[in-house]
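Right, one structure below, let's go through it.
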Amino acid sequence: MYKHPYIPCGSQELKELLAAVGVDDVDNLFKSVPKELFIDSPPIGKALEVEEIRKLFHTLASKNKFTLERSFIGGGIYRHFVPPPVRYITSLPEFLTIYTPYQPEISQGILQAMYEYQTLICQLTDMEVSNASLYDGATAFVESVFMAKRVSKKGNTVAIPKSLHPHYRDTLKTYISNLEIDIKEIDWDPMTGEIEIDKLGKTLSDEVFALAVQSPNYFGVVERIDAVRSISKDIILIVVVTEPLSMALFKPPGFFGADIVTGEAQSFGLYPSWGGPLIGFLATKASLIRHLPGRLIGETVDKDGKRAFVATLSTREQHIRRERATSNICTNQTLAALAVTVFLSLYGKCGLRKLAEKNYNRAHLLAKMLKDAGVKVTFEGTFFNEFVVEVKDIKKVFAKARKVGIYPGIDLARYYKYMQNHLLVSVTELNKPETFEEFVDILREDF
Amino acid sequence: MKVEEPLIFEKSKPGKIGILIEEEEDSFLQEIDPTLLREEIKGFPELSEPEVIRHFHRLARMNWAVTLGIYPLGSCTMKYNPVLNEEVAGLRGFLELHPEQDMEDIQGILEIYWRLEQLLLQLTGMDAATLLPAAGAHGELTAIMMVKKFFAEKGENREFVLIQDSAHGTNPASASIAGFKTREIKSTRSGMLDVAALEKVMDEKVALMMMTVPNTLGIFETQIVEIAEIVHSKGGFVYCDGANFNSFVAKILPSRMGIDLMHVNLHKTFSTPHGGGGPGAGPVLVKKELEPFLPIPRIVKEDGKFKVSCDFPLSIGRIKSFFGQTAVIVRALAYILSMGGEGLKRVAEVCVLNANYIRRMLEEFFYLPYKSDSLHEVVFSDKFQREKGVTAMDIAKRLLDYGVHSPTVFFPLIVKGALMIEPTETESKEELDRFIEAMRKIAQEIEENPEVVKTAPHSTPVKRCDEVLAARRLKVRWE
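As given, the protein sequences belong to chains A and B, one line each in that order. Every letter in the first sequence is one number past the one before it in my numbering, and letter 115, counting from 1, is 115. Every letter in the second sequence is one number past the one before it in my numbering, and letter 427, counting from 1, is 427.
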């Protein structure tokens, strides 16, 4: 009999179990399966021992290169310091190895943590209600468009600026290709990088049920949500945030009356991890709670009147409402939401503001050094920790940077064909001002 | 020992910080337009690091976990999560990678994606794969959208997806997001799909038949090959919800059943931890004919190098930002390599044996609505106990007092008062017996003193929670 350390059933237990069940061989338990479906021998090779696995994965990890201080890549995933307690708490088996809290009486820990997560997201966005996480910012954005469609009875068109994250726009296009929803794209102001406010009124015709704006947008520019809101009063306003740290410094979308605030919370305690796991958040007004997708945790009492937490309003969800559910999501990103909760609890009111200021100051220091060196910062709009610069020959910039082990940012032509030689530069607290001179040199020499 | 813990906000006191952060020398804050500048975040917590650690440790103690004992939630495959996988997934060479990095510098992670794809293809017999879907439901939706696009390209207007009445709720929910209407097909009294009913509804308007194999009753669809033939004869596709792949992995090839697309749950069959309800991952595997429609980006191998490619004109497009749930994918690869072919075959055999042992030991005490052979899970109902006014939910709650997690209750929907039990292969006989003993005692209690069951649980951190009040009051944040 094949023995494996992850399978407790040894030879003696096997005999006992078979005898109790009343069969001679486990294959007798597969009698209901047509014979022709079985394979003669296992389709993959032999198991590797622990040390072989370790060695293999260390080798694979060493084939990857990364740098923390010398990378200027952002664009929807941000390099931030992950405090040790975040990893420590999310590795506790009583969080790591548990399932969706279907039995609240023995899941109060995770339920309370998710209630805290929802509260933190509400406080940060200045909204009234948050769900307990979605897969990532892009799918959360799609869910918010679907939600807006359910809420609004008018029109089939959603208006979206081209300065919204390209992956988010692509994901929406995939999802709506089978539904009766159209997209109307909005340009940005070439001077400021902000959404073209002047033309917005005309864009928002009767057909438009929702307007989605990202702030800071894909180019890092903080949008004038107050102005946007005043033009879009009669429709659902969705504000997408991919760098949520910005909300610790700038007035949050809820302050300006956004209906839905959604996006990516990876900045708060999740490693870039080559793009996953991420965590989508979605917050809204209390009046729209019944349209919310995904799991929601609520406060209640137990039989003795003691405070307790449970998953609530599950009549919105797929396991009850099936084809009429508000979303098909079941498994979400709970552990990632826990990381966010621990991260925000550590930084807290004062720390998060300081962290946001640090990001702002470093990004502006680098931008100033670049300007002083004659490099053009493309947009005049207010930015947080990310901005666009123009270079003469972006290929040369990347080649030079590579030689000195710097990741200079994202070549915007990857997503915007007409933005040749534009570089999206992200600066976080991990970037040390000591390296800025070197960075400036790479771009300066280009001129 | 009773554990109680206030909310993090209630523990907060002004003037504390949980992380050291120095002021910056150069400040540009004065440049910000004051109308944009935020004041403090109202209500945000202020705590020191030891307080934060203790808070979450106390919360952790209120959760039941796989590391503590049996967690027999049907359909969820709550198996042991190997600690080796946590170790390798925690390597900085994976965690610190930014998805916009140069492909030259991420050959290791691309190789991991590629290797896992290859292994999943070998284990399923399918032709092409995507590891992008973030969860099982996301995988389903991806697959259904591929089918939609396939028929759109052919110029065929097929508007229906067929679904078993025992299907997971995600099946119909995903189908409707992909723009299909659903038709439900009843199960027969043996707990299998009614093939005659399928023949009646299957026509050229049907794009896809969604099957869970074995189904959510734990019963193998013995006529799966005929079912696939009927669907194929009208030009439709067959989808396999692979939530229950654990019961036949490395023993039966899904491709031999006539399946055209399927998803597998890395957080079920392939042991990645559930994390309180995610992150998971739901890779989708398809036959050659559907490959062009797979979502982008895809990992390709050229001249011994790996690269990311978006150059697939028929692709349905992106289904999320960036790539898949990378840290989950790393763990699943480590698991498959740790098990090997023989080990995985043993997984299927022992999980089926364990479920059958539970069935045999409990069938005198609980009603078994469908008598067909069980594979990896068994579904009882509360029919006997309902006579005493006790429901499956009461039984579930009472189990908590005995120090075991409850089975899934009230699902599948076709069984009134269902108790859906999936032990997995990582439980010893001793642990199975502990569960069986608890179930038998509860059956006895219901005969003698049903009140103790109806008012359960009695020894948990909180007692039975008022879910109706929660939905009525809708207090979903601290204030």
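Ideal placement from N, C-alpha and C gives every residue a C-beta, glycine not left out. Just so you know, these numbers come straight off a predicted model, no measurement behind them.
- Sixteen is the threshold: since fewer than 16 other Cβ atoms of the shown chains lie within 10 Å of the Cβ of B/Val468, the residue is exposed.
- In the three-state reduction of the DSSP assignment, A/Trp274 falls in the helix class.
- When CB distances to chain B are screened at a threshold of 9 Å, the residues of the region 245-261 of chain A falling below it are Met247, Ala248, Leu249, Phe250, Lys251, Pro252 and Phe255, in chain order.
- Residue contact with chain A for B/Ala334: present (Cβ-Cβ distance below 7 Å to some residue of chain A).
- Proximity to B/Glu289 across B/Asp303, B/Phe160, B/Pro279 and B/Leu261 peaks at B/Leu261, based on C-alpha coordinates.
- With a cutoff of 7 Å on beta-carbon distance, A/Phe66 and B/Glu96 are scored as near each other.
- Residue B/Asn246 holds the alpha-carbon nearest to the alpha-carbon of B/Pro423 among B/Glu363, B/Asn246 and B/Val195.
- Between A/Arg169 and B/Pro295, the alpha-carbon positions lie close to 15 Å from each other.
- Per DSSP, the continuous alpha helix (DSSP H) segment holding A/Cys122 begins and ends at Gln108 to Thr125.
- Between A/Gly275 and B/Phe323, the gap from beta carbon to beta carbon is short of 7 Å.
- Under the three-state reduction of DSSP output, B/Thr170 falls in the helix class.
- Taking the beta carbon of A/Lys392 as reference, no residue of chain B falls within 7 Å; the closest one sits roughly 21 Å away.
- The C-beta distance from B/Val328 to B/Leu413 rounds to 29 Å, too long to meet the 8 Å contact threshold.
- Counting only runs of 4 or more residues that sit fully inside the region 294-376 of chain B, the alpha helix (DSSP H) segments are 326-362, in chain order.
- Per DSSP, reduced to three states, the secondary structure at B/Lys268 is coil, with no helix or strand assignment.
- Here DSSP, grouped into helix, strand and coil, assigns B/Glu437 to helix.
- For A/Ala308, the chain B residues whose Cβ falls inside 7 Å of its Cβ are Val462 and Cys465, in order along the chain.
- DSSP places B/Trp114 in the helix class (H, G or I) of the three-state scheme.
- Neighbours of A/Leu346 in chain B, taken as residues whose beta carbon is under 7 Å from its own, are Gly18, Ile19, Glu49 and Val52 in chain order.
- In the structure shown, A/Lys376 falls within a strand segment according to DSSP collapsed to helix, strand and coil.
- Its chain contains Met419, His422 and Leu424 as the residues whose beta carbon lies nearer than 6 Å to that of A/Leu412, once the 5 sequence neighbours on both sides are disregarded; these appear in chain order.
- Residues of the region 411-440 of chain A with a C-beta atom less than 7 Å from some C-beta of chain B do not occur.
- In the assembly as shown, B/His55 is a buried residue. Its beta-carbon has 16 or more other beta-carbons within 10 Å.
- Rounded to whole angstroms, the separation of the alpha carbons of A/Lys376 and B/Pro283 is 44 Å.
- Inter-residue distance for A/Gly263 and B/Met439 is about 45 Å (C-alpha atoms, whole angstroms).
- For B/Ser309, no CB of chain A lies under 7 Å from its own CB, so it is not counted at the interface with that chain.
- Cβ-Cβ distances below 6 Å link B/Ile336 to Leu119 in the same chain, with the five nearest sequence neighbours on each side left out; the list follows chain order.
- With respect to the 7 Å criterion, A/Phe379 and A/Thr192 are classified as neighbours on the basis of their beta carbons.
- Of all alpha-carbon atoms in B/Ala129, B/Leu29, B/Ile395 and B/Leu217, the one lying nearest the alpha-carbon of B/Gln164 is that of B/Leu217.
- Not one beta carbon of chain A lies nearer than 7 Å to the beta carbon of B/Phe366.
- Ranked by Cα distance from B/Val206, the options B/Ile177, B/Ala228 and B/Arg158 are led by B/Arg158.
- Fewer than three pairs of CB atoms, one per stretch, sit closer than 8 Å, so the region 243-250 of chain A makes no contact with the region 150-159 of chain A.
- The beta carbon of B/Phe220 lies closer than 6 Å to those of Pro214 and Leu375 in the same chain, with the five residues before and after it left out.
- Taking 7 Å as the CB threshold, A/Ala339 stays off the interface with chain B.
- The C-beta of B/Val350 comes closer than 7 Å to at least one C-beta of chain A.
- Within chain B, the residues placing a beta-carbon under 8 Å from that of A/Glu105 are Lys397, Leu400, Pro457, Thr460, Pro461, Val462, Lys463, Arg464 and Cys465, ordered along the chain.
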